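Here is the structure we will look at, set down as structure tokens.
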Amino acid sequence: MLTNSEQQTEALLAGLVEVERYVGRAGWDQPARLFALVLTSQLLAAEPSLADQLTVTSPDALSSVEQDDFHPGTDLETALSQIYWPPTVTGCALSVERSFLPPDLDSEIPPDPARAAEFVAHHPQRQDLRVVAGAVRAANGAIITHCVARVASNPDDLLVGADMVPALTQAIAWTLQDNEGNS
132 MLTNSEQQTE
142 ALLAGLVEVE
152 RYVGRAGWDQ
162 PARLFALVLT
172 SQLLAAEPSL
182 ADQLTVTSPD
192 ALSSVEQDDF
202 HPGTDLETAL
212 SQIYWPPTVT
222 GCALSVERSF
232 LPPDLDSEIP
242 PDPARAAEFV
252 AHHPQRQDLR
262 VVAGAVRAAN
272 GAIITHCVAR
282 VASNPDDLLV
292 GADMVPALTQ
302 AIAWTLQDNE
312 GNS
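Note that the sequence shown ends on residue 314 in the working numbering; no numbers are left out.
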């Protein structure tokens, strides 16, 4: 039998996979996209008309609700620091795409951020990655985080890890803390 924390982690992972598939249907070169994660049972209680539209069937599952007004621009960290989720939101997920190079090319990347971005964007060894990072409030007051990711060059594989992008999961987790005074 799974513990409550393990059940919440499984629900979070299922929600992240659902978000990644949803975002992936639109292809690559997507902007950062933010989703509230709510218990399906609470969503259906508030909006019974959505029952036919939901892909999630378990009432203990998490359903994602895209936040269409989220437009972080180039400063994702600052945009996330301005978000506060009310207690009715169980968790949240953020989909971002990044390009990276193999570590052996680090010394070739220019120190200037604009030139570095240009260098990476046009390098023949560039890899594109979509990460969906998420967090949920646990029953014990802790916050559980996790990530899923897909590399464009290997679209059939979905990578999963709790510590895949620590800075991103920390920023996501922060939005679920009691930050009302900071928003």
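Note that the Cβ used here is the ideal one computed from N, Cα and C, for glycine as well. Here the structure is a predicted model, which means the values were calculated and not measured.
Own chain partners of residue i with C-beta closer than 8 Å, once the 5 adjacent residues on each side are dropped
i, result
"Q139", "V267, A269, A270, I275"
"L289", "V148, E151, V279, A280, R281"
"A283", "W159, Q258, D259, L260, R261"
Where residue i sits in the DSSP three-state scheme
i, result
"L147", "helix"
"T276", "strand"
"F250", "helix"
"A266", "strand"
"D235", "helix"
"G312", "In this prediction, G312 scores a pLDDT of 43, lower than 50, which makes its location untrustworthy; the coordinate-derived value is nonetheless stated afterwards. Helix at G312."
"S284", "coil"
"V220", "coil"
Chain-order list of residues whose beta-carbon lies under 7 Å from that of residue i (same chain, five-residue window excluded)
i, result
"P241", "A247, F250"
"V150", "F166, S195, A224, S226, V263"
"T221", "L168, V169, L170, L193, V267, R268"
"V296", "V262, A264, C278"
"A86", "Any question about residue 86 goes unanswered here, given that the chain covers just 132 to 314."
Best match in the options for proximity to residue i [C-alpha to C-alpha]
i, options, result
"A280", "E137, V220, W159", "W159"
"V291", "N135, V154, L143, T219", "L143"
"A192", "Q258, A293, P234, V169", "V169"
"E197", "T209, G146, L236, S172", "G146"
"S136", "D237, A273, P234", "A273"
"I303", "L211, Y153, D183, V154", "L211"
"D294", "T219, H277, Q184", "H277"
"G155", "T219, P244, P286, Q301", "P286"
"L299", "P244, P218, T209", "T209"
8 Å contact criterion, which residue i and residue j should meet: CB distance rounded
i, j, result
"H253", "L232", "That belief does not hold up - the Cβ atoms of H253 and L232 are roughly 11 Å apart, past 8 Å."
"Y215", "T134", "Rounded, the Cβ-Cβ distance is 28 Å, inconsistent with contact."
"R257", "S238", "With a Cβ gap of about 16 Å, R257 and S238 do not count as contacting."
Proximity test, Cβ basis, 9 Å: residue i and chain B
i, result
"L143", "Looking at the structure shown, chain B is missing, and only one protein chain is on hand."
Sequence-distant residues of its chain with Cβ nearer than 6 Å to residue i (five each side left out)
i, result
"L181", "none"
"L236", "none"
Decide yes or no for the touch test of the segment 213–233 against the segment 251–263: beta carbon pairs closer than 8 Å, at least 3 of them.
yes
Answer yes if the segment 199–214 comes into contact with the segment 162–170, meaning at least three C-beta pairs across the two stretches below 8 Å, and no otherwise.
yes
For the segment 170–178 against the segment 233–252, do three or more pairs of beta-carbon atoms, one drawn from each stretch, fall closer than 8 Å, so that the two count as touching?
no
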